[in-house]
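One structure is given below, encoded as structure tokens.
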Amino acid sequence: MSHLLKIIFRADASLQIGTGHVMRCLTLAEELRRRNAHVQFVCRAHSGHLGDMISRKGFALTLLPAPKQSVQTVKQNDDYAEWLGLSQKDDALQTIGSLVGKQIDWVIVDHYSLDQKWETMIRSYAERIMVVDDLANRVHDCDLLLDQNLYADMETRYTNLVQSSCKLLLGPNYTLLRREFIKARKNLRTRCGVLKRILIFFSGTDISNETAKAIRAVKSLELQVIVDVVVGTANPHNESIKQECDTQDNFYFYEQTDKMATLMAQADLAIGAGGSTIWERCYLGLPAIVTILANNQEKLVNDVAQTGAVINLGWADKVSSDTYQQVLSSLDKTTLTKMSIVALSLLDGDGCTNVSRFLST
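Heads up, the final residue of the sequence shown is numbered 369 in the numbering used here, and it's a clean run with no missing numbers.
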């Protein structure tokens with residue numbers, strides 16, 4: 009970078025929102041810091057926010073006040089406005105309050121509740137605005153837009169939603185992967201379809217406790233495998249899941265681990281959710297049985313399943329332990345090997361580097 013960039017991230021985590029938005033912003037933030045940028049996070053103090061993690065990683069943090077009323081679970085067809093907990097105008101004014109007196113090169117916003125209204129209010133306080141999105145359901149006022157997902161209509165999804173001058177970064181080769189994944193791929197073994205190790209991870213929150221369903225399914229089959237079970241600190245079922253794992257010698261429990269790349273590289277199969285974790289698994293060629301936990305995951309999971317890289321079980325409320333058990337029983341070496349090959353083919357670039365180049369020009 010030619011000069012010291014000053015960059016603000018606006019993203020939230022909560023029991024309803026999940027942790028994915030903040031986590032992928034942290035990944036990009038760490039790459040930008042390596043390039044000598046000054047990075048600050050602005051997050052709201054929802055229940056389940058990741059402020060402590062952001063601070064532990066050494067980033068400046070402004071924690072906006074928690075909403076006066078608790079944020080309710082968003083309905084399947086909602087417009088995500090409830091996730092914010094207050095109006096876009098009030099959020100923008102509070103965010104601006106944390107920016108006053110600072111010269112900001114970029115505001116990077118990753119939030120389904122924010123759109124053109126919020127971005128236009130921020131305009132005069134930052135040189136440029138970047139949006140991270142994957143819904144393509146609202147108009148944006150931004151200079152750069154990142155959607156790292158694979159969709160059949162990827163090239164046309166944002167037509168009429170951004171200005172013609174906005175640069176679009178679309179597709180898996182812009183996936184924001186942590187350095188540990190880049191390193192793990194360089195040392196990746198070739199999978200041969202033999203099932204010896206299973207990784208279970210259903211996002212950082214997993215309110216509906218899909219983790220327990222998957223654990224019961226694997227246990228019932230009495231497979232001679234090692235099972236790694238990962239949960240986030242915001243998961244309300246952590247204690248019961250840990251107790252479940254502790255009763256089995258071949259089950260290992262991890263809470264908010266920094267060894268995800270290692271666990272994925274070691275595994276022969278993953279059982280988990282849609283969302284950005286899909287790309288971490290694909291990057292390491294890990295076949296996956298995937299369940300949809302949120303509305304924003306549905307199209308992504310459907311489209312990636314069409315490639316053959318994952319098995320799509322559909323919506324979580326329609327999936328039982330028996331469903332996982334039946335699919336696990338049907339897998340063979342040929343299927344797992346093909347899934348791994350397809351997954352590896354979907355992305356091969358260093359997304360953080362690719363995105364950072366656009367931020368520094």
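C-beta atoms are modelled at their ideal positions from N, C-alpha and C, and glycine is treated no differently.
Got a sec, what are the start and stop residues for the beta strand (DSSP E) residue i sits in?
i      : result
Met138 : Ala134 to Val140
Lys175 : Lys175 to Leu178
Leu152 : Leu152 to Asp155
Less than 6 Å between C-beta atoms, sequence neighbours within five positions excluded: which residues of the same chain meet that for residue i?
i      : result
Thr183 : Gln156, Trp287, Leu355 and Gly359
Gln84  : Because Gln84 sits at a pLDDT of 39, beneath the cut-off of 50, its placement in the model cannot be relied upon, and the point is left open.
Ile116 : Phe17 and Met138
Leu34  : none
Ile297 : Ile279, Ile319 and Val335
Could you pull the DSSP bridge partners for residue i from this structure?
i      : result
Asn304 : Answer is none; Asn304 lacks a bridge partner.
Glu263 : Val239
Cys51  : Leu71
Val335 : BP columns for Val335 are empty, so no partner.
Ala19  : Asp118
Arg205 : Ile234
Only counting the same chain, and skipping five residues up and downstream in sequence, which positions put a Cβ closer than 8 Å to that of residue i?
i      : result
Arg131 : Ile137 and Asp149
Ala275 : Arg205, Ile206, Leu207, Asp236 and Leu294
Ala144 : Asp155, Arg165, Tyr166 and Leu169
Thr342 : Gly201
Gly322 : Thr299 and Ile300
Leu71  : Cys51, Arg52, Ala53, His57 and Gly59
Would you give the residue range spanned by the alpha helix (DSSP H) that residue i belongs to?
i      : result
Ile116 : No alpha helix (DSSP H) contains Ile116, which is instead part of the beta strand (DSSP E) from Ile112 to Asp118.
Arg41  : Gly28 to Arg42
Asn362 : Gly359 to Leu367
Asp99  : Gln96 to Leu107
Arg197 : It is not in any alpha helix (DSSP H) - Arg197 carries neither H nor E in the DSSP assignment.
Leu229 : Glu218 to Leu229
Gln124 : Gln124 to Ile130
Ile286 : Thr285 to Tyr291
Per DSSP, what kind of secondary structure is residue i in: helix, strand or coil?
i      : result
Phe210 : coil
Gly59  : helix
Thr255 : coil
Thr342 : helix
Gly316 : coil
Ala45  : coil
Thr299 : strand
Ala278 : strand
Lys14  : strand
Leu321 : strand
Thr81  : Note that Thr81 has pLDDT 46, beneath the 50 cutoff, so the model's placement of it is unreliable and the number below is only indicative. It is coil, neither helix nor strand.
Ile25  : coil
Ile215 : coil
Grab me the residues of residue i's own chain with a C-beta within less than 7 Å of its C-beta, minus the 5 sequence neighbours each way, in chain order.
i      : result
Ala225 : Ser329, Tyr332, Gln333 and Leu336
Thr81  : With a pLDDT of 46 at Thr81, under the threshold of 50, the predicted position of this residue should be treated as unreliable, though the coordinate-derived value follows. These residues qualify, in order along the chain: Gln24.
Thr189 : It is Phe, not Thr, that sits at residue 189 in the sequence shown. Cβ within range, chain order: Ala269, Glu288, Tyr291 and Leu292.
Met162 : Leu178 and Gly179
Gln111 : Lys14
Ala273 : Ala192, Leu196 and Leu292
Gly316 : Lys346, Met347 and Val350
Gly357 : Asn181
Taking only heavy atoms of the ligand ATP into account, decide whether any of them is closer than 8 Å to the Cβ of residue i.
i      : result
Phe366 : Of the ligands one can find in the structure shown there are none, so the ligand ATP has no counterpart to examine.
| query | Are there three or more Cβ pairs, one per stretch, closer than 8 Å when the stretch 208 to 226 is compared with the stretch 18 to 33? | reply | yes
| Are the stretch 194 to 204 and the stretch 171 to 183 touching, with three or more C-beta to C-beta distances below 8 Å? | no
| Given 8 Å as the limit, is there contact between the stretch 313 to 327 and the stretch 252 to 268, that is, 3 or more CB pairs closer than that? | no
| message | Three or more C-beta pairs under 8 Å: does that hold for the stretch 250 to 257 against the stretch 88 to 105? | response | no
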